[in-house]
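What follows is a single structure, written as structure tokens, with notes after it.
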Amino acid sequence: EPEVTQTPSHQVTQMGQEVILRCVPISNHLYFYWYRQILGQKVEFLVSFYNNEISEKSEIFDDQFSVERPDGSNFTLKIRSTKLEDSAMYFCASSEYRGYQPQHFGDGTRLSIL
Amino acid sequence: AQTVTQSQPEMSVQEAETVTLSCTYDTSESDYYLFWYKQPPSRQMILVIRQEAYKQQNATENRFSVNFQKAAKSFSLKISDSQLGDAAMYFCAYGVGGGGADGLTFGKGTHLIIQP
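These protein sequence lines map, in sequence, to chains P and B. Here my numbering = 1-based position in the first sequence + 771. Here my numbering = 1-based position in the second sequence + 23.
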């Protein structure tokens, strides 16, 4: 079964540095998403991406964050000038369409800010 | 704004028994979808089951079934014949259809413990 793949599985970064999290969505999917889960808390929506532009973003997704689809397969989340509170699990997801079509999640990237 | 509430932080069940996890949600939308996701210790998010709000029939997937009560805005998950591999965090999630928001809204999760 096709999978969403995320790299790296664990990223350790110094506070203030930039980090790029990478995702390869399922190939025939059109919608892509990033979610964040701070340890012990619920999963929170960050941003959705469709047709090479942001479709929707949450309050969490401020100017520190950006997303890009640099080629036909990768989908990236960039966090500029990382802060301690950015430490979390970041999940990429994709879906064929919106709504009932379920969002398939990757295994996540654990981001640790020192 | 939509909210999803899971009132049971932790549940414990004997292996082979049946357990029900609760979820309630609040929405003013008429076209929406509900999902249960499983998150084992490895922390991947795995889709367990999904339900369209317009369908009266409750969804089932093997040992997993839901009790969808639309008027009460309740969406509980029943796991029959519990197995050790079912031990995980279970998240209830809500999504809007049509032209609504893209992102899923998750509950805080229920930690399910399976006693051998």
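All residues carry an ideal CB built from backbone N, CA and C; glycine is no exception.
Shortest Cα-Cα distance from residue 88 (chain B) to any of B:59, B:112, B:69 and B:136 involves B:59. Counting only residues of its own chain and dropping the five nearest sequence neighbours on each side, residue 885 (chain P) has a CB closer than 6 Å to the CB of 785. Of B:138, B:133 and B:25, the smallest CA-CA separation from residue 813 (chain P) is found for B:133. Looking at P:835, P:828, P:840 and P:796, the one whose alpha-carbon comes closest to that of residue 866 (chain P) is P:796.
In this structure, residue 36 (chain B) and residue 27 (chain B) do not form a Cβ contact; the two beta carbons are roughly 22 Å apart against a cut-off of 8 Å. Bridge pairing for residue 881 (chain P): P:781 and P:860 [DSSP]. Between residue 114 (chain B) and the set B:81, B:75, B:94 and B:63, the nearest pair of CA atoms involves B:63.
In chain order, 813 make up the part of chain P whose C-beta sits under 7 Å from the C-beta of residue 132 (chain B). With a cut-off of 8 Å on Cβ pairs, the stretch 797-804 of chain P is in contact with the stretch 820-832 of chain P, counting three or more such pairs. Against chain P, the CB of residue 91 (chain B) has no partner CB under 9 Å away; the residue lies outside that interface. With its beta carbon at least 9 Å from every one in chain B, residue 787 (chain P) lies outside the interface. The C-beta of residue 875 (chain P) has 16 or more other C-beta atoms within 10 Å across all chains shown, which makes the residue buried.
In the DSSP secondary-structure assignment, residue 824 (chain P) is bridged to P:821. Nearest to residue 128 (chain B) by alpha-carbon distance, out of B:57, B:34 and B:40, is B:57.
With a cutoff of 9 Å on beta-carbon distance, residue 25 (chain B) and residue 119 (chain B) are scored as near each other.
Taking 9 Å as the cut-off, the beta carbon of residue 858 (chain P) is found no closer than this to the beta carbon of residue 829 (chain P). Around the Cβ of residue 107 (chain B), a 10 Å sphere holds fewer than 16 other Cβ atoms; the residue is exposed. Contacts between residue 58 (chain B) and chain P, judged by CB atoms closer than 7 Å, involve 873 in chain order. For the options P:789, P:815 and P:826, the alpha carbon positioned closest to that of residue 855 (chain P) is the one of P:789.
A direct Cα-Cα distance of roughly 27 Å separates residue 34 (chain B) from residue 880 (chain P).
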